[in-house]
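Here the sequence shown is numbered in our numbering, starting from 24 and rising by one per residue. What follows is one structure encoded as structure tokens, with my remarks underneath.
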Amino acid sequence: GCLAVPKRADVVLGAATAGVAYVALAVAAATGRDALDVSAPNARLAAALVLVAVGLHAIVTPLPSLPPDPARRAWLAPVCFPVLLRPDLALVALAADGAAGIGVVAAGAVVGLLATVAWWAIGGRVVGPRVGRGLGALTGALLVLAAVRLLLDGLFAI
């Protein structure tokens, strides 16, 4: 699978680092959008369009297997980046608006951390590659649904 990392501590540290990065992006989102002169609804529209493309891609194409690079710490590559800390999800964090948006990003980061650790603990050992591929497609479909929700939210806020 895409998390061929031998130690659970590396998986937990990589997931936690990605979660903290997303929350930091959400906290700084309003300042960043103001500096770029982008409104919150337009940021949500942009994030939604990117998520649709990424979600559709995930439905039809499996994630590549990324073995740990011995020259780097395993928590950084492949766990934190590129598996969890990704440009499409960073754009969603930047589209967060106000305390409610930061809360949603924080909750999503916690769910992502728990899911990543759970997948590492049981995913590759219990389920076969076909089930893993199916879960990847399901994740892509959920991304598309989230993108539609974000798109509607952005459209109705304009």
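Beta carbons are placed, not taken as given, at the ideal position from N, Cα and C, and that holds for glycine.
Nearest-angstrom Cα distance between residue 164 and residue 108? Residue 164 and residue 108 have their C-alpha atoms roughly 19 Å apart.
One question on the structure: do residue 82 and residue 180 come within less than 8 Å of each other, judged by their Cβ atoms? no
Secondary structure at residue 176, three-state DSSP: helix, strand or coil? helix
For a quick check, are the C-beta atoms of residue 102 and residue 34 less than 8 Å apart? Yes.
Given that a residue counts as buried once 16 or more other Cβ atoms are within 10 Å of its Cβ, and exposed if not, what is residue 97? buried
Does the Cβ-Cβ distance between residue 143 and residue 28 come in under 8 Å? yes
Using the three-state DSSP reduction, which class does residue 109 fall into: helix, strand or coil? coil
Below 7 Å CB to CB, which residues in the same chain sit around residue 136 once its five sequence neighbours on both sides are set aside? 38, 39 and 42
According to DSSP, is residue 145 part of a helix, a strand, or is it coil? Here residue 145 sits in helix by DSSP.
Among the candidates 66, 45 and 174, whose CA atom is the shortest distance from the CA of residue 127? 45
Spatial neighbours of residue 111 in its chain, beta-carbon cut-off 7 Å, leaving aside the 5 residues before and after: 73, 74 and 77
Taking just the CA atoms, how far does residue 162 sit from residue 9? Outside the modelled stretch of the chain, which goes from 24 to 181, sits residue 9, for which no answer is possible.
Beta-carbon within less than 7 Å of residue 49's beta-carbon, same chain only, minus the 5 sequence neighbours each way: which residues are those? 116, 119, 124, 125 and 128
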